[in-house]
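Notes for the one structure printed next.
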Amino acid sequence: MSKETSSPYDPQLRVPQNDQILSKFVPVSLNKFWYTNSLAMHLVRLAACAALVMSSSSAFAQGGRADYERAEGLPARFANQVFRQSVAPHWSEDGNSFWYRIQSAPQKWEFVWVNARTGKRQSPFDTKLLATALGQKLNKPVDAENLPFSWIETAPDGSWVRFRAEGTVYEWKDNKLATSTASLHEISLQPLQGRRPRISQRTGDNTSITFDNRTKNDIQLVWVGTDGTRTPYGTVKPGASFRQNTYGGHVWLVVDAQNAENVLGTYEATDAESIAVIGGETSPGAPTPRNRPRQSPAVNTATPQVAPQFEVFARGFNLWRRDKETKAETQISKDGVTQNFYGNIETSPDGRFAVAMQTQPEQEHKVYIVNSSPRDQVQPKLVTLDYLKPGDRVEIKRPRLFDIVNGKEIATSDEQFHNPWSVESLGWEGDRFRFLFNQRGHQNLRVMEFDATQGTVRPLIEEHSDTFIDYSGKTYYKMMPKTNEMLWASERDGWNHLYLFDTNTAKLKNKVTVGNFVMREVESVDEEKRQIWFRAFGMVEGQDPYYAQLARVNFDGTGLTMLTSGDGTHKWQWSPDRRFLIDTFSRVDMAPQSVLRDGTTGKQLCVLETSDLDALKKAGWTQTERFTSMGRDGQTPVYGVIVRPSNFDPTKKYPVIENIYAGPQDFFTPKAFDTLNGFHQLADLGFIVVQLDGMGTNWRSRAFHDVCFKNLKDAGFPDRIAWMKSAAATRPWMDISRVGIYGGSAGGQNALAALIWHGDFYKAAVADCGCHDNRMDKIWWNEQWMGWPVDKSYADSSNVDHAAEMQGKVQLVVGELDSNVDPASTMQVVDKLIKADKDFELIVVPGANHGAGGGAYGTRRRKDFFVRSLLGVEPRH
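In this note's numbering, the protein residues as written are 440 to 1316.
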């Protein structure tokens, strides 16, 4: 029997989505009241506060109990209101057609079959006729819009359809239903690997998993919450299926119904509908999508004509060789010691040469934190972390070249690769060994080459920046030994683009991509066709430059072709043979649209699905507004979003709260469609909520990004303030005399910085788990943007050193077990505020890690803080 139930983590119980991913908690900003010593102004203020209190019972009350209750109910009201959002295709073996199942309305689903060659989209069967026929087989009514199966197989030409219902396989052909002995090849969602079940880590799209029990025993479904709590759900009989509604990213255990300790599988829901077959034989599903590597793997080319004579290995900190025939061993290096040892050995294809890394270990830097309230004992526990901070001594790898046959080192100069942040092997190509050298300080990046036969060292590619090279986000290379070429990503012309180099001559052959846009990621490379497919931002003039598009270009820079089209940010799915492309695009103010395209030309072949926001708006959702204005220079566009309360009244004035995270590693304003429940819940308390990306954040021009260099205190504030002033100029309901801000991690640093350096504009801030002094935070992130060695710029950007300059009201939040940002960073701010006799709120969350303010308690306290600080009323009264 096919059953259906709601996820235990249903919309009614869902907390804001930004509570789910604590490591990426993003902050927001708020305004302070403008205080004056004028008695008249005090009287005016008292009258205004009285008016606010008196109006708390009215329909337009702000910060009252009714507002909180309405805000808490928004996720439930907004859930399951937008349909036809995503297409999950199942392609035929010949790649000419596919089918998918799509939700069309609450509790209503339909199957779609598409002939990709002709662009014809249709139902694979007469739904009503099939439902009637199947009902007769099952001796019960069957809903034509909610058929009791979620998987079908079709003939290449669509002439027949097979499916399984209540354990029996049926075939529909010529409008007739019959049982079938054919076996279905359902693609099953594969269980997660690992012995410990993973917790639910994100809340994605509404989706479902159909659990098909092909064992001989009852099975039970158990939902694993974000905190690891297990909630038992439906039981599935042998031979039965059970469709469990859930959300993408939620994790489910399948256990023996008689023995819950016997876990049969752990499954993570995808954003597309899926089936999980328990027992029996199925085809494995496609691997879970992961971030594609930014570079090709190391290569070791050329087949040796003679088998290598020696084995090379490390022993006692040094390099040794062993004769494969005589087993005689010879020590090759002599200078290896405990603190400078040999390892990471790579031999040339013919075995004549080897490169070994002589490594000096990093220094030890312990961070001590106290778990005040451990679950397993009364007494607190000391927790020790290994945690390098800016300026610490890092691991130093020095590549050394050896002649294995003659048992000696080939001397090489490290003049062009000394003082490394990292040395990454690119492998051997014949007698040449290559490695990527990133100098500490991230201003010099080189592809280096040892020529073992000549004993020479040379750079193949060199990058230099007077600010920083974004190695952590933009490094891409691909070695192509067959043609002695290398693809390389660089910002040398002011935008992130691809370049083609000749590895024989170490000369640039040509630019591959050119223009005022950024090459975000290489998707695939066809060396035979000499073509590259890549994801780009900003390719379409007049559109938001953060919208993703798919494009193709030839190695020589010709033939640039955009394969996606439409005013929105795009994601895509290829057919297995890459002849066709399913392109889905959306905006924060436009529901997803999906079309089928020709994979070569990008030509639209047919519209697959068109989603709309009508039902969502009827449920009270106020459409997110996109807004663009010029930044600090009056010339550079800055893009953001504006969210209004569900009971918005344009005749009123609302304080503004900015959600901020200005980390230079990315941009953070949402671009694809999302209901943004967390923003709406905050807005419904009586605020306008905004988010934008100012200068210093990533994936615009190099100049835009460079603003952050040695200047993290900037955080794009001049752009943010200009943007809000511009928005308020045409939106009188935005009261920018009362602006607040909140954020976590780097956003926590930003939120407090707003009150320190821009306290004339921002009036209140909530800073969660902030890295308030970049000398106290993790080494890689801070040296990437602030540079090395540690200099005065670190102190200049320190919230700790400048805490006494803070204006306005602040709430500081920290988890006592934060392993991402040293919690002492927040406590050092507290120390300075006390010494400066400043008032503040401090929330220390026992047992909490990074993002402590994103939990239910922290979220409630944040809301209460803003209601008091910006609305001037007691929350929930």
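Cβ coordinates follow ideal geometry from the N, Cα and C atoms, glycine included.
For residue i, three-class secondary structure by DSSP
| i | result |
| --- | --- |
| E511 | helix |
| N935 | coil |
| Y986 | coil |
| K1231 | helix |
| V1306 | helix |
| P455 | For P455, the predicted model reports a pLDDT of 31, less than 50, meaning its position is unreliable; a value from the coordinates is still stated below. In this structure, P455 counts as coil in the three-state DSSP scheme. |
| G1117 | helix |
| Y1201 | strand |
| L616 | strand |
| P1015 | coil |
| H1343 | For the chain, the structure presents residues 440 to 1316; residue 1343 sits outside this window and is missing. |
| W538 | strand |
| Y474 | Low local confidence applies: a pLDDT of 30 at Y474 is under 50, so the model's placement there is unreliable, and no value is given. |
| H1327 | Residue 1327 is absent from the model: the chain starts at 440 and stops at 1316. |
| H804 | coil |
| P1084 | coil |
| K1248 | strand |
| I1099 | coil |
| S825 | A small fix is needed here, since residue 825 is Asp in this sequence, not Ser. DSSP places D825 in strand when its eight states are reduced to three. |
| H529 | strand |
| D1212 | coil |
| I638 | coil |
| F876 | strand |
| E549 | strand |
Rounded Cβ spacing between residue i and residue j (contact assumed at less than 8 Å)
| i | j | result |
| --- | --- | --- |
| L824 | S1140 | With a Cβ gap of about 37 Å, L824 and S1140 do not count as contacting. |
| Q659 | T642 | Not confirmed; about 23 Å, so no contact. |
| A990 | L1002 | 6 Å |
| P829 | R1214 | 5 Å |
| S861 | N877 | 5 Å |
| V1129 | I1081 | 5 Å |
| L703 | D710 | That belief does not hold up - the Cβ atoms of L703 and D710 are roughly 24 Å apart, past 8 Å. |
Unbroken alpha helix (DSSP H) run spanning residue i, endpoints
| i | result |
| --- | --- |
| T571 | T566 to L577 |
| P913 | Note that residue 913 corresponds to Lys in the displayed sequence, not to Pro. That run of the alpha helix (DSSP H) goes Y910 to K913. |
| S1165 | F1156 to A1168 |
| D1174 | No alpha helix (DSSP H) holds D1174; the beta strand (DSSP E) holding it covers M1173 to G1183. |
| K1274 | A1263 to K1274 |
| L1055 | D1053 to K1057 |
| R969 | Careful: R969 lies outside any alpha helix (DSSP H) and carries neither H nor E. |
Buried versus exposed call for residue i [16 or more other C-beta atoms within 10 Å across all chains shown]
| i | result |
| --- | --- |
| V1034 | buried |
| V817 | exposed |
| D1276 | exposed |
| P1089 | exposed |
| A572 | buried |
| Q770 | exposed |
| V521 | buried |
| L821 | exposed |
| A1154 | buried |
| G775 | buried |
| G688 | buried |
| H903 | exposed |
| D1123 | buried |
| T506 | Residue identity differs from the one stated: residue 506 is Asp in this sequence, not Thr. So D506 counts as buried. |
| Q697 | exposed |
| T798 | buried |
Element boundaries [beta strand (DSSP E), containing residue i]
| i | result |
| --- | --- |
| V1046 | Q1043 to T1049 |
| T892 | Here T892 belongs to no beta strand (DSSP E), and DSSP marks it neither H nor E. |
| N949 | K946 to K950 |
| E584 | Counting along the chain, E584 falls outside any beta strand (DSSP E), and DSSP gives it neither H nor E. |
| D1278 | It is not in any beta strand (DSSP E) - D1278 carries neither H nor E in the DSSP assignment. |
| E1222 | No beta strand (DSSP E) holds E1222; the alpha helix (DSSP H) holding it covers I1218 to M1225. |
| A1030 | M1029 to D1037 |
message: Can you confirm whether the region 753 to 770 touches the region 780 to 795 when touching is taken to mean that 3 or more C-beta pairs between the two stretches lie within less than 8 Å?
response: yes
- prompt: So, do the region 1031 to 1047 and the region 1055 to 1065 have three or more beta carbon pairs nearer to each other than 8 Å?
  reply: no
field: Contact between the region 941 to 961 and the region 969 to 978 (3+ Cβ pairs under 8 Å)
entry: yes
query: Should the region 1168 to 1183 be regarded as contacting the region 1199 to 1213, the criterion being three or more beta carbon pairs within less than 8 Å?
result: yes
field: Meets three-Cβ-pair contact criterion under 8 Å: the region 1190 to 1197 and the region 1245 to 1259
entry: yes
field: Cβ contact (3+ pairs, closer than 8 Å) linking the region 1259 to 1267 and the region 1162 to 1169
entry: no
- prompt: Is there contact here, the region 887 to 905 with the region 941 to 956, by at least three beta-carbon pairs under 8 Å?
  reply: yes
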